[in-house]
Amino acid sequence: MSRSARRARICGLLMAGGAALISAAVGATPTREDIARSLALRESWQYLTRDVAWPAHWTPDGKAFSYRKTVEGGFAFETVDAGTLAHSPAFDQQRLASVLTEALGRPVAPLRLPFEAFDYAGDRQTIQFWMGEDGWRCTLTDYVCAKQEDPRRPRGFGVVRDLSVPADNHPRLSPDGKWEALVEDDNLIVRPAGSTPGSRPISTQAMRLSTDGSSGNFYDPETIAWSPDSRHLMIYRVRPGYARKVLRVEAAPEGKGQPGLRTQLYPKPGDAIDQEQPVLFDVAEKRQTIVDAALFPNAYELSAPRWRADGRSVEFDYVRRGFGQARIVSVDAASGAAHAAVTEDAKTFVYADRRFSHDVDGLGNEIVWASERDGWNHLYLIDGRTGKVKKRITSGEWVVREVVKVDDRKRQIWFAASGMNPGEDPYFRHYYRIDFDGRNLTPLTPERADHSVSFSPDMAFYVDTYSRVDLPNVSELHRTSDGALVQTIAKGDISRLTAAGFRAPEVFTAKARDGKTDIWGLVVRPRDYDPAKKYPVIENIYAGPHDSFVPKSFWPFGYHSGGDKVIGMQALADLGFIVVQIDGMGTANRSKAFQDVAWKNLQDSGFPDRILWHKTLAARDPAYDIGRVGIYGASAGGQSTLNALLFHGDFYKAGVAMAGCYDNRMDKISWNEQWLGWPVDKSYADASGVDNAARLQGKLFMIVGEQDSNVDPASTMQVADALIKAEKDFDLLVVPGGEHSVGRSSGPIDYVTRRLSEFFVRSLQ
């Protein structure tokens with residue numbers, strides 16, 4: 004039977020009540036046919052909802068917005084005119100599908116376009132979107148699509164330049180249009196605008212502003228920043244770091260008989276990184292000033308220079324290596340003197356992913372700054388001349404999640420926060436407006452749900468899309484001035500999904516290791532759940548410190564690990580398991596103390612909290628067999644899965660670890676130095692699955708893509724080597740040509756998920 008025919012038959016069975024897809028009776032081992040039906044559940048369920056809408060994206064002129072929603076057969080993109088409230092197709096999906104089919108070399112269905120959202124590029128005649136790691140741009144006049152190429156020189160995780168690729172050295176035009184700056188022979192030159200290279204009369208007018216550049220200490224043209232008055236510019240002089248290359252053998256290239264070799268620039272923790280030195284130039288006086296680095300020593304990262312609106316100073320962001328300090332450094336254009344406009348220090352780490360700053364009026368006198376200095380992420384108004392706090396804007400035991408808009412004229416801020424409402428899930432995002440002085444805090448999203456709000460460019464309207472795991476998406480247009488409802492744009496209909504057997508996951512909380520903090524999780528049971536029987540338990544884990552991961556919004560096909568399309572929790576539950584997902588300590592979006600548990604302690608993964616959560620639920624539900632607990636996860640979730648069997652093998656009996664960063668010294672520099680610090684120390688070894696391989700208990704199945712470009716696949720093989728030396732039995736699946744997302748959103752998904760399912764059936768049932 005073809006896949007399409009099988010899918011149609013499955014849909015028919017679901018509409019008949021779903022009996023054919025309910026799990027095998029508890030006590031009977033699921034057959035391969037049971038597993039195949041379970042794996043098809045996710046795909047078939049996607050056809051059973053209507054008007055479940057995604058967050059809106061506004062047109063640049065603010066007159067309309069577009070969004071994606073579920074329709075018969077898939078997904079449609081719709082545009083709403085904010086004035087007339089008329090609804091219309093956003094574009095011709097049939098034409099776009101045809102173009103993408105040709106561009107990608109694979110079939111693309113009109114109602115299954117391979118992106119969830121798009122933005123307009125400048126006008127309403129061109130759209131841009133992401134497909135995987137690639138940006139695309141398509142015209143809506145003639146439907147021509149092209150992948151967007153970044154002209155800049157690649158950087159390994161942002162900190163080591165790939166010197167085998169030329170820098171983007173196009174002339175940078177001064178704001179007054181008279182001059183252009185570029186790099187020649189590793190040094191900075193400025194010449195009259197429109198100069199033709201090699202033209203002697205004009206080249207005599209070129210000014211060589213630097214002479215100290217060399218191949219080992221060069222001026223980077225991609226960092227050139229002109230002042231608004233065209234008198235000054237700043238550029239970074241760069242001393243290159245260590246260009247570590249990861250090599251991967253492609254054993255079975257498509258259509259080729261012999262293996263190939265792939266090379267990737269891949270800095271790892273402890274590696275020497277590019278050292279950037281800001282250099283200021285007075286173009287009129289041909290004066291060079293090397294900015295004193297005392298305020299930004301041992302930089303992990305400097306942002307691109309940003310000139311203040313009056314041209315009197317320039318600023319850049321600095322993060323110290325080890326992530327213990329972040330600041331904004333301001334440099335006076337006339338003298339070259341630097342001062343700290345604002346500084347954030349931390350005993351553990353500055354949460355780099357949530358840094359936020361806004362230069363009020365663009366003059367550097369006041370800065371809106373996000374800080375966790377009191378233990379919660381809040382907003383402060385900083386005196387940009389002294390670096391001291393002028394006014395605390397927000398406060399309380401809750402978290403600012405995102406700053407949406409700062410209005411300098413009105414001195415107001417629009418932001419998202421979670422944890423402000425007593426008695427509510429502390430992860431639900433709500434949106435608010437507040438004045439710079441901390442007064443007039445105004446809630447904009449009162450419904451008890453998780454909200455995603457999109458404001459029009461002029462802030463006159465906003466589209467609020469909200470949901471819970473038990474509430475399908477509602478999308479509403481509101482007026483910003485008073486929050487009044489203008490129109491309900493879309494309201495999810497799940498009647499057919501419910502008829503097919505969908506039941507919302509149960510939200511469950513239990514106390515953490517400290518005995519007082521609530522730990523939140525989800526419980527998914529088989530659709531034929533019988534409380535009189537015993538069910539083995541499987542935990543779906545992702546415990547990266549950079550976010551929280553238990554779903555809070557409605558998407559029944561997507562209760563999975565780490566943002567990837569791994570087997571749905573309901574599909575796995577229907578094989579005769581109770582499947583859960585938990586956010587333990589060490590993850591984000593709660594207090595800083597909650598997240599700091601992960602600092603130099605990645606092997607923790609919140610397991611003390613997770614195990615207590617399991618035990619609390621088992622004490623309430625006799626069907627919950629706490630003697631048979633398995634675990635699975637991918638990427639950082641793969642590392643946590645292995646750690647469960649290494650450090651808590653008395654509790655977890657079996658685990659499937661996919662694409663794991665099992666030894667943080669082998670993984671990318673950016674993610675790991677953020678949580679384990681610099682220099683590389685004992686904390687890296689303590690969390691290592693290689694160094695602790697001999698502690699393995701229970702049954703382990705590791706899955707890795709041969710061409711994983713996110714986590715060095717050698718990390719998996721080094722664990723395998725250590726397990727063999729320790730005489731430990733395990734299963735291993737290497738997918739030829741597979742990427743980091745193999746079995747989740749790429750590669751042989753059905754094969755990998757079948758193997759995962761069969762492993763748990765064998766190991767726990």
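Numbering of the sequence shown is given in this note's numbering, commencing with residue 4 and proceeding in unit increments. Every residue gets a Cβ at the ideal spot worked out from N, C-alpha and C, and that includes glycine. Owing to the predicted nature of the structure, the values given are computational and were not obtained by experimental measurement.
Beta strand (DSSP E) segment containing residue i, residue limits
i: Tyr-687; result: Per DSSP, Tyr-687 belongs to no beta strand (DSSP E); it is in the alpha helix (DSSP H), 685-689.
i: Ile-192; result: 190-195
i: Thr-305; result: Here the sequence assigns Leu to residue 305, which means Thr is not the residue at that position. Unbroken beta strand (DSSP E) run through Leu-305: 302-305.
i: Val-659; result: 655-661
i: Met-588; result: Run containing Met-588: none; DSSP gives neither H nor E here.
i: Glu-253; result: 248-253
Residues that residue i bridges to, as DSSP identifies them
i: Pro-92; result: Glu-81
i: Val-371; result: His-361 and Leu-384
i: Ile-238; result: Val-282
i: Asp-734; result: Phe-704
i: Trp-674; result: Partner(s): none; Trp-674 has no beta bridge.
i: Thr-73; result: Phe-78
i: Ala-56; result: Lys-72
i: Ser-198; result: In DSSP, Ser-198 forms no bridge with anything.
i: Ala-513; result: Ile-522
i: Ala-67; result: Asp-84
Span of the alpha helix (DSSP H), counted from its first residue to its last, around residue i
i: Gln-598; result: 595-599
i: Lys-618; result: 610-623
i: Ala-39; result: 35-42
Per-residue DSSP class, three states only, for residue i
i: His-563; result: Confidence is the limiting factor: at His-563 the pLDDT is only 40, short of 50, which leaves the residue's position unreliable, though a coordinate-based value still follows. Looking at His-563 - three-state DSSP - the assignment turns out to be coil, as it is neither helix nor strand.
i: Leu-24; result: Caution applies to Leu-24, whose pLDDT of 38 falls short of 50 and renders its modelled position unreliable; the value that the coordinates give is listed next. Three-state result, Leu-24: helix.
i: Leu-143; result: coil
i: Glu-742; result: coil
i: Ser-206; result: For Ser-206, the predicted structure reports a pLDDT of 47, less than 50, and the residue's modelled location is therefore unreliable. A value from the coordinates is still provided. Residue state, collapsed to three classes: helix.
i: Gly-750; result: coil
i: Arg-631; result: strand
i: Glu-183; result: strand
i: Asn-667; result: coil
i: Val-353; result: coil
i: Glu-347; result: strand
i: Leu-16; result: Caution applies to Leu-16, whose pLDDT of 31 falls short of 50 and renders its modelled position unreliable; the value that the coordinates give is listed next. Helix at Leu-16.
i: Gly-640; result: helix
i: Trp-229; result: strand
i: Phe-762; result: helix
i: Leu-578; result: coil
i: Pro-224; result: helix
i: Trp-681; result: coil
i: Val-168; result: coil
i: Ser-177; result: coil
i: Arg-9; result: Because the pLDDT at Arg-9 is just 35, under 50, the model does not fix this residue reliably, and the point stays unresolved.
i: Trp-48; result: helix
i: Arg-330; result: strand
i: Met-4; result: Confidence at Met-4 is low in this model, with a pLDDT of 37, below 50, so the placement of that residue should be treated as unreliable; the coordinate-derived value is given next. Met-4 falls in the coil class under three-state DSSP.
i: Ala-337; result: coil
i: Val-553; result: coil
i: Ala-647; result: helix
i: Arg-211; result: strand
i: Val-29; result: Residue placement at Val-29 is flagged as unreliable, the pLDDT there being 45, under the threshold of 50; a coordinate-derived value is accordingly withheld.
i: Phe-162; result: At residue 162 the sequence reads Val, which differs from the Phe that was named. Coil at Val-162, not helix or strand.
Enumerate, from N- to C-terminal direction, the unbroken beta strand (DSSP E) stretches of 3 or more residues contained entirely within the region 377-406. Fully enclosed beta strand (DSSP E) runs of 3 or longer: 381-386 and 392-395.
Jot down the residue ranges of each uninterrupted beta strand (DSSP E) in the region 686-727, minimum 3 residues, whole runs only, in chain order. Here the runs fully enclosed are 702-708.
What ranges does the beta strand (DSSP E) occupy inside the region 260-328, keeping only unbroken runs of at least 3 residues that lie completely in it? Whole beta strand (DSSP E) segments, 3+ residues: 263-268, 278-285, 290-293, 302-305 and 316-323.
Report the residue ranges of all beta strand (DSSP E) runs contained in full by the region 96-159; include only those spanning at least 3 residues, in chain order. Within the region 96-159, the runs of beta strand (DSSP E) at least 3 residues long that lie entirely inside it are, in chain order, 129-134, 137-142 and 148-150.
Those runs of the alpha helix (DSSP H) which lie wholly inside the region 479-511 and span at least 4 residues: You should have 498-502.
Complete beta strand (DSSP E) runs within the region 416-473 (minimum length 3 residues, chain order): Complete beta strand (DSSP E) runs here, min 3: 432-438, 453-458 and 464-471.
Those runs of the beta strand (DSSP E) which lie wholly inside the region 517-551 and span at least 3 residues: Annotation note: the region 517-551 contains the following uninterrupted beta strand (DSSP E) runs of length 3 or greater, listed N- to C-terminal: 521-527 and 538-543.
Looking at C-beta atoms only, is the number of pairs between the region 309-328 and the region 251-267 that lie closer than 8 Å three or more? The region 251-267 and the region 309-328 do not touch, with fewer than three beta-carbon pairs separated by less than 8 Å.
Given 8 Å, three or more beta-carbon pairs between the region 632-651 and the region 696-706: With the cut-off at 8 Å, the region 632-651 and the region 696-706 touch.
Can we say the region 719-727 touches the region 742-762, given the rule of at least three CB pairs closer than 8 Å? Taking one beta carbon from each stretch, the region 719-727 and the region 742-762 have fewer than 3 pairs nearer than 8 Å; the two do not touch.
Using 8 Å as the threshold, is the region 516-527 in touch with the region 584-602, meaning 3 or more CB pairs across them? The region 516-527, when compared against the region 584-602, does touch it at the 8 Å Cβ threshold.
Three or more C-beta pairs below 8 Å linking the region 495-506 and the region 49-60: At 8 Å Cβ cutoff, the stretches touch.
Can at least three beta-carbon pairs, one atom from the region 62-70 and one from the region 451-463, be found at a separation below 8 Å? The region 62-70 is in contact with the region 451-463.
Could you tell me whether the region 684-701 touches the region 593-608, where touching means 3 or more Cβ pairs closer than 8 Å? The answer is yes - the region 593-608 touches the region 684-701, with three or more Cβ pairs under 8 Å.
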